[in-house]
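Participant: For the sequence shown, the working numbering begins at 72 and goes up steadily by one. One structure, pasted below without further comment.
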Amino acid sequence: MLKLDQLQGYTGPRGPVVLVIMDGVAIGKGDAGDMVAKASKPHLDWLESHVVKSRLKAHGTAVGMPDDTDMGNSEVGHNAIGAGRVFAQGARLVNEAIASRRLFDGDTWKTLVERCQAPDRTLHFIGLLSDGNVHSHMDQIEALLREAASSSVKRIRLHILLDGRDVPPTSALEYVERIEATLAELRDGAVDARIASGGGRMKITMDRYNADWDMVKRGWDTHVRGVGREFSSAAEAIETARKEKKGIIDQDLPPFVIVADGAPVGPVRDGDGVVLFNFRGDRAIELSRAFDDEEMTEFDRGPKPDVFFAGMMQYDGDLNIPKNYLVSPPAIRRTLGQYLAENGVSQFAISETQKYGHVTYFFNGNRSGKFSQELETYVEIPSDRVSFDERPWMKAAEITDGAIEAIESGDFRFIRINYPNGDMVGHTGDLLAVEISVEAVDLGIGRLMRAVEAAEGILIVSADHGNADEMYAIDKKTGQPAVDKRTGELKSKTAHTLNPVPFYVYDPSGVANARLAEHEQPLGITSLAATSLKLLGFEPPEDYDPSVIDVGPES
């Protein structure tokens with residue numbers, strides 16, 4: 072039993088404590104690419120001027136990434152918020168496992184290598200070709216490729232997913248050129264290593280939360296069956312797509328299959344080994360199920376090859392997905408949700424499909440299901456299956472409707488909400504759409520403020536990382552939006568940012584007497600857990616990162 076002590080002199084508000092996570096909405100520099108600053112957002116502006124506020128770190132070591140040059144992301148952000156303290160995350164865990172050789176000394180890697188040393192076997196690697204460090208990193212796949220080659224694996228095939236989302240939007244050829252050089256190095260050592268297939272990450276393979284299984288089917292057909300439009304190289308496929316559709320960005324590039332002598336160079340066959348080298352779980356689970364789950368019915372896989380499949384990490388420990396993996400995920404226990412459930416606090420979580428898993432699975436420490444069926448209610452609003460720049464308001468209104476109904480019901484003491492707009496629309500690179508997306512979130516927050524006031528509750532508004540706040544690349548020398556020397560235009564950006572995120576506490580009844588606590592170091596979003604507990608009237612666990620605020624009577 073995880074027991075929480077009550078605070079002295081303060082027992083919480085009459086209504087609920089409501090935590091709003093504005094996905095991808097941080098505090099930018101107010102320049103041409105800052106769509107958060109440009110948007111009309113009267114409610115956020117009012118909070119900025121009238122309530123207890125601060126700024127929180129949401130990237131780098133503050134959320135468990137390797138160093139402070141690393142962007143935050145929604146997965147590690149919600150892990151951090153829900154855990155209340157910093158845990159080493161996927162990128163860092165994999166780096167450490169490679170550096171220490173723990174990965175290569177593990178049984179899973181040894182099985183893959185031994186299986187694929189036979190001359191008629193192939194070791195396949197599928198994943199995001201990127202150094203964005205959100206789902207994968209180039210250094211890691213190159214380390215795996217070189218280790219496989221040095222372990223007498225003679226045939227290697229790479230199935231690349233193109234990014235343009237966590238890295239510059241049309242940078243794919245740079246990554247392809249780099250990986251082709253690595254593969255050429257392996258071929259010089261008598262290893263038959265080459266790219267076999269690929270496509271944009273938002274076109275094939277990397278669906279999440281069961282939003283669009285057709286993406287996974289397209290990826291399966293491309294990577295596994297070797298069925299698709301044929302090219303002699305990945306570079307040719309990318310260049311052709313760009314000629315045929317002006318303005319296309321990497322994440323939307325169509326699937327392609329590489330052929331030689333009239334046949335695909337790398338379909339997956341019986342006896343092969345397959346590694347999904349993404350370390351982040353949300354967009355890896357469905358492909359893992361396609362390989363591991365014999366009973367899967369979401370799409371017709373055709374004759375399923377008998378392979379040894381492994382993920383870079385285990386993406387869902389509760390559901391054992393995948394069965395085999397190279398690096399153990401962070402063991403996150405004693406999360407905010409678990410503490411609340413074991414202390415009888417009723418909880419409500421809501422978002423749309425694109426971020427539903429973030430306020431449930433990731434918030435709960437990579438745990439499927441609920442801590443308490445009686446005390447917890449989770450609501451998923453189905454996302455639109457269109458490009459989010461076409462409907463930048465997404466499901467903000469429906470999410471707000473559901474949250475207000477929960478507030479007015481009086482059934483819940485803690486409510487958490489994710490508005491995906493700033494992140495999902497931000498990744499499209501459409502500036503007008505991003506501006507509208509922020510305005511849609513602001514409109515929802517205004518409605519929540521009125522509902523919280525009527526219920527005599529307390530509203531916390533923050534974010535998990537930045538995106539919409541920096542839609543142009545920044546010149547490192549000048550600190551201003553970077554200019555493309557070739558075209559004279561500003562360089563667009565679709566990746567997350569290193570900017571701090573806002574923190575507001577709206578307590579219309581004044582019951583908490585909230586004020587900023589004194590801290591020597593800047594706080595990160597891990598402090599949102601202790602903050603939530605204090606506003607609910609509980610002493611946070613001693614090992615939680617400190618609350619942003621103090622509550623109750625001043626001493």
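Virtual Cβ for every residue (Gly too), placed ideally from N, Cα, C.
Starting from the C-beta of Lys225, find all residues in its chain whose C-beta is less than 7 Å away, skip the five residues before and the five after it, and write them out in chain order.
Facilitator: As a position in the sequence shown, residue 225 is number 154, starting the count at 1. Cβ within range, chain order: Pro190, Val262, Asp263.
Participant: Please list the terminal residues of the continuous beta strand (DSSP E) segment that includes Phe485.
Facilitator: Looking up residue 485 in the sequence shown gives position 414. Its beta strand (DSSP E) spans residues 485 to 490.
Participant: Is it the case that the CB of Lys128 approaches a heavy atom of the ligand MN more closely than 8 Å?
Facilitator: Annotation note on the ligand MN: not contained in the displayed structure, which lists no ligands.
Participant: Along the beta strand (DSSP E) that carries Arg228, what are the first and last residues, could you check?
Facilitator: On the sequence shown, residue 228 is found 157 positions in, with the first residue counted as 1. From DSSP, the beta strand (DSSP E) with Arg228 extends over 226 to 233.
Participant: Of the residues Val165, Lys74, Gly99, which one's Cα is nearest the Cα of Leu569?
Facilitator: Numbered from 1 along the sequence shown, position 498 holds the residue referred to as residue 569. Nearest option by C-alpha distance: Gly99.
Participant: Give me, in chain order, the residues of the same chain whose beta-carbon lies closer than 7 Å to that of Ala214; leave out the 5 immediate sequence neighbours on both sides.
Facilitator: Walking along the sequence shown from the start, residue 214 turns up at place 143. So the qualifying residues of the chain are Ile169.
Participant: I need the straight-line Cα distance from Gly352 to Phe158, nearest angstrom please.
Facilitator: Here the question's residue 352 lines up with position 281 in the sequence shown. Here the question's residue 158 lines up with position 87 in the sequence shown. Whole-angstrom Cα-Cα distance: 16 Å.
Participant: With respect to the beta strand (DSSP E) encompassing Thr193, which residues constitute its N-terminal and C-terminal limits?
Facilitator: Indexing the sequence shown from 1 puts residue 193 at position 122. Element bounds for Thr193: n/a, residue is neither H nor E.
Participant: Assuming Val91 contacts Ile507 (C-beta within less than 8 Å), just tell me the rounded distance between them.
Facilitator: Start at 1 with the first residue of the sequence shown, and residue 91 comes out as number 20. Start at 1 with the first residue of the sequence shown, and residue 507 comes out as number 436. Actually they do not touch by this definition, with Cβ atoms about 19 Å apart.
Participant: Is Pro374 buried or exposed, if buried means 16 or more other CB atoms sit within 10 Å of its CB?
Facilitator: Translated into the one-based positions of the sequence shown, residue 374 becomes position 303. Answer is exposed; the Cβ neighbour count stays below 16.
Participant: I'd like the ranges of any beta strand (DSSP E) spanning at least 3 consecutive residues and lying wholly in the region 307 to 385.
Facilitator: Runs of the beta strand (DSSP E) inside the region 307 to 385: 327 to 331, 344 to 347, 379 to 384.
Participant: Does DSSP put Thr568 in a helix, a strand or coil?
Facilitator: Within the sequence shown, numbered from 1, the residue matching residue 568 stands at position 497. Residue state, collapsed to three classes: strand.
Participant: Quick check: the Cα distance between Ala162 and His208, rounded to an integer number of angstroms?
Facilitator: Working through the sequence shown from its first residue, we reach residue 162 at position 91. Working through the sequence shown from its first residue, we reach residue 208 at position 137. Their backbone Cα atoms lie some 8 Å apart in a straight line.
Participant: Taking the beta strand (DSSP E) that Gly550 belongs to, which residues open and close that run?
Facilitator: Here residue 550 corresponds to residue number 479 of the sequence shown, with the count starting at 1. Run containing Gly550: none; DSSP gives neither H nor E here.
Participant: Would you say Asn538 reaches chain D, if we count a Cβ-Cβ gap shorter than 9 Å as a contact?
Facilitator: No chain D is part of this structure, which consists of one protein chain only.
Participant: Compute the beta-carbon to beta-carbon distance between Pro239 and Ala544, rounded to the nearest angstrom, for a pair I have assumed lies under 8 Å.
Facilitator: For this step, residue 239 is matched to residue 168 along the sequence shown. For this step, residue 544 is matched to residue 473 along the sequence shown. With 8 Å as the limit, Pro239 and Ala544 qualify as a contact, their Cβ atoms being about 7 Å apart.
Participant: Given that a residue counts as buried once 16 or more other Cβ atoms are within 10 Å of its Cβ, and exposed if not, what is Glu409?
Facilitator: Residue numbering aside, residue 409 sits at position 338 when the sequence shown is read from its first letter. The question names Glu, but residue 409 is Gln in the sequence shown. With 16 or more other Cβ atoms within 10 Å, it is buried.
Participant: If you scan the region 156 to 227 from start to end, which runs of the beta strand (DSSP E) of 3 or more residues do you find wholly inside it?
Facilitator: Taking only runs of at least 3 residues, the beta strand (DSSP E) segments lying wholly in the region 156 to 227 are 194 to 200.
Participant: If contact is defined by three or more beta carbon pairs under 8 Å, each pair taking one atom from either stretch, is the region 375 to 387 in contact with the region 265 to 277?
Facilitator: The answer is no - the region 375 to 387 does not touch the region 265 to 277, with fewer than three Cβ pairs under 8 Å.
Participant: Quick one: Cα of Glu461 to Cα of Ala504, how far?
Facilitator: Residue numbering aside, residue 461 sits at position 390 when the sequence shown is read from its first letter. Residue numbering aside, residue 504 sits at position 433 when the sequence shown is read from its first letter. Using only the alpha carbons, I get a separation of about 8 Å.
Participant: Just the Cα atoms here: how many angstroms apart are Thr448 and Lys564?
Facilitator: Locating residue 448 in the sequence shown gives position 377, where the first residue counts as 1. Locating residue 564 in the sequence shown gives position 493, where the first residue counts as 1. Those two C-alpha atoms are separated by around 37 Å.
Participant: Could you say if the region 281 to 292 and the region 252 to 262 meet the contact criterion of at least three C-beta pairs nearer than 8 Å?
Facilitator: Contact between the region 281 to 292 and the region 252 to 262 is absent, because fewer than three Cβ pairs lie under 8 Å.
Participant: Once you ignore the five residues that flank Val330 on each side, which residues in its own chain have a CB closer than 6 Å to its CB?
Facilitator: Here the question's residue 330 lines up with position 259 in the sequence shown. Cβ neighbours of Val330 beyond the five flanking positions: Glu301.
Participant: For Met93, which three-state DSSP category applies?
Facilitator: Numbered from 1 along the sequence shown, position 22 holds the residue referred to as residue 93. It is a strand residue.
Participant: Enumerate in chain order the residues of its own chain whose CB-to-CB distance from Ile646 is below 8 Å, with the five nearest sequence positions on each side excluded.
Facilitator: Outside the displayed range of the chain (72 to 626) lies residue 646, so it cannot be described from this structure.
Participant: Have a look at Pro338, Lys181, Tyr81, Ala361 and flag the residue whose alpha-carbon is nearest the alpha-carbon of Ala284.
Facilitator: Taking the sequence shown and counting its residues from 1, the one referred to as residue 284 is at position 213. Checking the sequence shown, residue 284 turns out to be Trp, not Ala. Nearest option by C-alpha distance: Ala361.
Participant: Assign Met142 to one of two classes, buried (16 or more other C-beta atoms within 10 Å of its C-beta) or exposed (fewer than that).
Facilitator: In the sequence shown, residue 142 corresponds to position 71, counting from 1. Under this definition Met142 is a buried residue.
Participant: Would you mind sorting Asn395 into buried or exposed? The rule is 16 or more other CB atoms within 10 Å of its CB.
Facilitator: If you number the sequence shown from 1, residue 395 lands on position 324. Burial call: buried.
Participant: When the Cβ atoms of the region 315 to 325 are set against those of the region 233 to 247, are three or more pairs found closer than 8 Å?
Facilitator: Because the criterion of three Cβ pairs below 8 Å is met, the region 315 to 325 and the region 233 to 247 touch.
Participant: Tell me the rounded alpha-carbon separation between Thr368 and Arg228.
Facilitator: Against the sequence shown, residue 368 aligns to sequence position 297. Against the sequence shown, residue 228 aligns to sequence position 157. Going from the Cα of Thr368 to the Cα of Arg228 covers about 27 Å.
Participant: Are there 16 or more other CB atoms within 10 angstroms of the CB of Val457, so buried, or fewer, so exposed?
Facilitator: Along the sequence shown, read from residue 1 onward, the residue named residue 457 stands at position 386. Per the 10 Å Cβ criterion, exposed.
Participant: For Gly271, report the span of its beta strand (DSSP E) as first-last.
Facilitator: Numbered from its first residue, the sequence shown carries residue 271 at position 200. Its beta strand (DSSP E) spans residues 263 to 271.
Participant: Buried or exposed: where does Ser125 fall if 16 or more other Cβ atoms within 10 Å of its Cβ makes it buried?
Facilitator: If you number the sequence shown from 1, residue 125 lands on position 54. It is buried - the Cβ of Ser125 has at least 16 other Cβ atoms within 10 Å.
Participant: Rounding to the nearest angstrom, what Cα-Cα distance links Lys562 and Asp555 in this structure?
Facilitator: Here residue 562 refers to the residue found at position 491 when the sequence shown is read from its first residue. Here residue 555 refers to the residue found at position 484 when the sequence shown is read from its first residue. One C-alpha to the other measures close to 6 Å.
Participant: Measuring alpha carbon to alpha carbon, tell me which residue in Leu514, Leu358, Asn166 is nearest Phe370.
Facilitator: Within the sequence shown, numbered from 1, the residue matching residue 370 stands at position 299. Measuring from the Cα of Phe370, the nearest candidate turns out to be Leu358.
Participant: For His429, which of Arg85, Val147, Ala110 has the nearest alpha-carbon?
Facilitator: Translated into the one-based positions of the sequence shown, residue 429 becomes position 358. It is Val147.
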